[in-house]
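>
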Amino acid sequence: MLRVALISSPLTLQERYGNFSGAANTEPSYALACLGAVAKWEKMDVRVIDAAAHCLTVDQTVAEIADYHPHIVGITSTTSGIVASSELAKRIKAMNDKAITIIGGCHVTALPEETLSEFSHFDMAVIGEGEVTFAEILRGVDETGAAPESIAGTAVKVKERIVVNPRRPFLNNLDELPLPAWNLFRGFPGDFYPSPARMNRFPCASVVLTRGCPNQCQFCDRSVFGNKVRSYSPTYAVNLIKDLASHYGVREILIEDDTFIIAWKWVTEFCERLIAAKIDVTWSCLGRADRVTPALLALMRKAGCWHISYGIESGDQRILDAMQKGEDLSRMEDAVRWSREAGLKTKGFFMVGFPGETLESLRLTKELVLKLPLDDISVMQLTPFPGTALYENASEYGAFEKDWRKMNTLSTVFVPHGFTSKDMEKARAEMLGAFYFRPSVLIRKFIDVISNPRLFWYMFKGFLVLLKVVKKR
Ligand code: B12
Ligand code: SF4
């Protein structure tokens, strides 16, 4: 029987989030849960090491598989984890040069050929949606242990050449996939913590019920799942949640879909089925202002939703238009207000440093941050990720430092013309400080802690991080 190790990039919280590491979250990798289920389905011996969520270093990750002697090692990575993932592949190869190392995820999907030539210790890349491709790879490894060369959706090193095979069409019916294999995760669910802003009950799990997004935001990497939206059926999605609640005791679900509310009809049916199933869970999700209505938000609340996050990005309509966000500010204000009226807590994601940013646009964003009745915010640094429209021409609009390790939306790798990197950090810190250090917000956070004492430690850590970041400016 083939031994398969599935690993997320070994990045410690400090490496991943820098100054913000104290307030960072550790959610289990949904990709590993899906791929683990496929490997089990293919009757493999599987071990999952969620190194990112357990904050393991490369050394610690190697120690965890040293006694397992895997034939195949699949690593999932975003851009910021690709260097650490390559270091891990190198160490695995040093232990056993016959082990096949496969890299998957958004970074390699956007840059398959470049990634295989830049990092010589990956034998293969899986491009795009991975389940069917992975199953074919597992079936295709022959008795000599050689990696199969011509499977659709892969790039492979063949002697000195890199062969990029055609992409595989997306799965039409996600219900064909086995349920995610949570039982392969060490310490699941109790050892995994999302951000305190989204932790209502405990233990928690995160799921992704839809794939793809039809919108065109210029900063967003949609290389894996593309523009067409596909979902599990509402019945499958409710079963998936039931499985988490009844087999693992999960009480809080984070629906991490890019924009969960893209298909109004789907969400309505999902909520109705969830209400009928009477599962003891509460949940949160990400939304888009132009997709919500007061009626839908009320139904979601009834189905156990208590928190919704919106990508608001900027307070300047000119910047939103340049981003091709496809939304207007007044609708965003409506969505936040309606969410609050429906009894939901809200978080806004903002971004600084998009090409065309000016002192005036930063001022407008800060003004909006303070105006909207949000419960939490996060302020990211624009990062031109591979696979985004911006990646190709970012250098025309400012200084772009292509250091994969820093591409975590918290370090500044892109500075638009007219600013310095310090200006960007200052703008972010000012928005965070102005938002959180208001008496109304501090009192609200205090009440949150009193009503949910489990949050005390996380909120306290978050508060210290905030103090440090704001003071540093
Ligand atoms: C949920 C989520 C998170 C969660 C949980 C992450 C986790 N543990 O899985 C949290 C909140 C922790 C998070 C954090 C961050 N995230 Co995030 N996140 C997502 C999100 C919305 C869903 C990820 C997911 O589970 N998708 C569903 C699974 C099934 O898809 P998948 O991971 O792509 O895997 C499939 C294929 O890629 C392939 N595959 C993947 N790996 C492998 C490996 C092998 C061996 C094989 C065979 C196949 C394969 O098969 C899988 C099944 O089809 C994505 C956007 C998206 N829609 O994917 C952004 C996304 C991945 N995140 C992003 C970013 C920027 C970040 C942060 C840097 C942001 C920040 N400052 O917080 C951090 C960094 C985290 C890290 N460790 O690198 C970007 C990454 C861009 C890039 N090129 O790097 C994305 C793409 C969002 C975007 N559109 O810009 N994130
Ligand atoms: S930012 Fe959100 S809405 Fe925009 S393209 Fe990406 S996933 Fe879609």
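For the sequence shown, counting from 1, position 260 maps to 308 in my numbering; every step adds exactly one.
Where is the CB? At the ideal position from N, CA and C, for every residue including glycine.
Here the structure is a predicted model, which means the values were calculated and not measured.
Give, in chain order, every unbroken run of the beta strand (DSSP E) that is at least 3 residues long and sits entirely within the stretch 338-365.
The stretch 338-365 contains these whole beta strand (DSSP E) runs: 353-361.
> Kindly indicate which residue of Ile-150, Trp-452, Ser-128 has the alpha-carbon position closest to the one of Pro-118.
Ile-150
> Give the straight-line distance between the Cα atoms of Glu-166 and Asp-239, rounded to the nearest whole angstrom.
Rounded to the nearest whole angstrom, the C-alpha separation of Glu-166 and Asp-239 is 34 Å.
> In three-state DSSP terms, what is Ala-101?
Secondary structure of Ala-101 (DSSP, three-state): coil.
> Report the three-state DSSP secondary structure of Gly-510 (helix, strand or coil).
helix
> Quick check: what's the CA-CA separation for Cys-482 versus Lys-207?
Contrary to the premise, residue 482 reads as Ala rather than Cys in this sequence. Cα-Cα distance, rounded: 57 Å.
> Taking the Cβ atom as the reference point for each residue, do Ile-360 and Gly-396 lie within a distance shorter than 7 Å?
Yes, these two residues count as a Cβ contact at 7 Å.
> Given a threshold of 16 other Cβ atoms within 10 Å of its Cβ, counted over all protein chains shown, does Asn-231 qualify as buried or as exposed?
exposed
> Going straight from the alpha carbon of Met-472 to that of Ser-426, what length do you get?
14 Å
> Leaving out the 5 sequence neighbours to the left and right, which residues in its chain are closer than 6 Å to Val-212 when beta-carbon positions are compared?
Pro-160, Glu-161, Ala-203
> With a threshold of 7 Å on Cβ separation, who are the neighbours of Ile-199 within its own chain once the five nearest residues in sequence on each side are excluded?
Thr-181, Glu-184, Ile-185, Gly-188, Asn-213
> What residue range is occupied by the uninterrupted alpha helix (DSSP H) comprising Phe-318?
312-325
> With a cut-off of 8 Å, do at least 3 Cβ pairs link the stretch 437-450 to the stretch 460-470?
yes
> Within its chain, find whatever has a CB closer than 8 Å to the CB of Val-461; leave out the 5 residues flanking it on each side and keep chain order.
If we look at Val-461 and ignore the five residues flanking it on each side, its Cβ neighbours are Gln-429, Thr-431, Pro-432, Phe-448, Glu-449, Lys-450, Asp-451, Lys-454, Met-455.
> List the whole-angstrom C-beta distance separating Asn-275 from Cys-252, where the pair is believed to meet the contact cut-off of C-beta under 8 Å.
About 30 Å; that fails the 8 Å criterion.
> List in chain order: all unbroken alpha helix (DSSP H) runs of 4+ residues lying wholly within the stretch 54-96.
Within the stretch 54-96, the complete alpha helix (DSSP H) runs of at least 4 residues fall at 61-65, 78-89.
> Exposed or buried, what is Arg-216 when buried is set at 16 or more other beta-carbons lying within 10 Å of its beta-carbon?
buried
> Provide the residue(s) that pair with Ile-289 in DSSP beta bridges, ordered along the chain.
Answer by DSSP bridge pairing: none, since Ile-289 is not bridged.
> Over what stretch of residues does the alpha helix (DSSP H) that includes Arg-215 continue unbroken?
No alpha helix (DSSP H) contains Arg-215, which DSSP labels as neither H nor E.
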